[in-house]
Amino acid sequence: MEHPHPMKDFLVRAADLPWVPQGSSNVWFKPLRISPATGSWVNLLKVAKSGVVNRHRHLAEVEGWVVQGHWHYLEHDWQAEPGAYVYEPPGDVHTLVADVDDPDHPMLTLFSIHGPIEYMDETGEVAYVETAETKLRRYHDYCREQGIAPHEIVF
Ligand SMILES: [Fe+2]
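When you line the sequence shown up against our numbering, it's residues -9 to 145, in that order.
This is the structure:
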């Protein structure tokens, strides 16, 4: 059986990677690692304006590390600030709200996502499922549109 984990080390410099639009305006992701073999991915999330990121359910664990700015979930009673570590269990349903006062200081959070995300519509029906494969496709499509070479982030 093929080993799902890389057998070597990697260094990925965030500055070398583009901010890829994530559907809604004012939201971008920067992929650092995408692993279709394990179904997981690691990305920085940037939100430049106060607002809601679609309600979704995680089918596997998510870990977050807030780099800059503040945000909260409509469904939980805390607000995350720089330096905070966030853990979300499998099955967690939440709606991220970025609390951004200054567009020059966007919210930046590193998320390590261990499995698919089900985005829901207003009625709670699953509208779109994000996976390591769809994330990788978004990144590659964006690179092609921009005429830039994709970095080695698949491992
Ligand atoms: Fe989430």
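Don't be surprised by glycine CBs; every beta carbon is placed ideally from N, CA and C.
Pick from the options that is closest to residue i, judged by C-alpha positions
{"i": "GLY81", "options": "GLY105, GLY73, ASP94", "result": "GLY105"}
{"i": "VAL90", "options": "GLY59, VAL32, ASP6", "result": "GLY59"}
{"i": "GLY114", "options": "HIS62, HIS46, SER30", "result": "HIS46"}
{"i": "ALA74", "options": "ASP94, VAL56, VAL52, PRO11", "result": "VAL56"}
{"i": "ASP67", "options": "LEU86, VAL37, VAL52", "result": "LEU86"}
{"i": "LYS39", "options": "MET97, GLU120, HIS84, ILE24", "result": "MET97"}
{"i": "HIS48", "options": "THR99, TYR118, LYS36", "result": "TYR118"}
Beta-ladder partner(s) of residue i, from DSSP
{"i": "PRO21", "result": "ASN33"}
Alpha carbon of residue i to alpha carbon of residue j, nearest angstrom
{"i": "LYS20", "j": "LEU7", "result": "7 Å"}
{"i": "TYR77", "j": "CYS133", "result": "31 Å"}
{"i": "TYR109", "j": "GLU65", "result": "15 Å"}
{"i": "PRO(-4)", "j": "PHE145", "result": "6 Å"}
{"i": "ALA50", "j": "GLY137", "result": "34 Å"}
{"i": "HIS62", "j": "ALA70", "result": "6 Å"}
{"i": "ASP94", "j": "GLY41", "result": "15 Å"}
{"i": "GLU142", "j": "ARG23", "result": "8 Å"}
{"i": "LEU1", "j": "HIS84", "result": "31 Å"}
Beta carbon of residue i nearer than 7 Å to that of residue j
{"i": "ALA139", "j": "PRO26", "result": "no"}
{"i": "PHE101", "j": "GLY29", "result": "no"}
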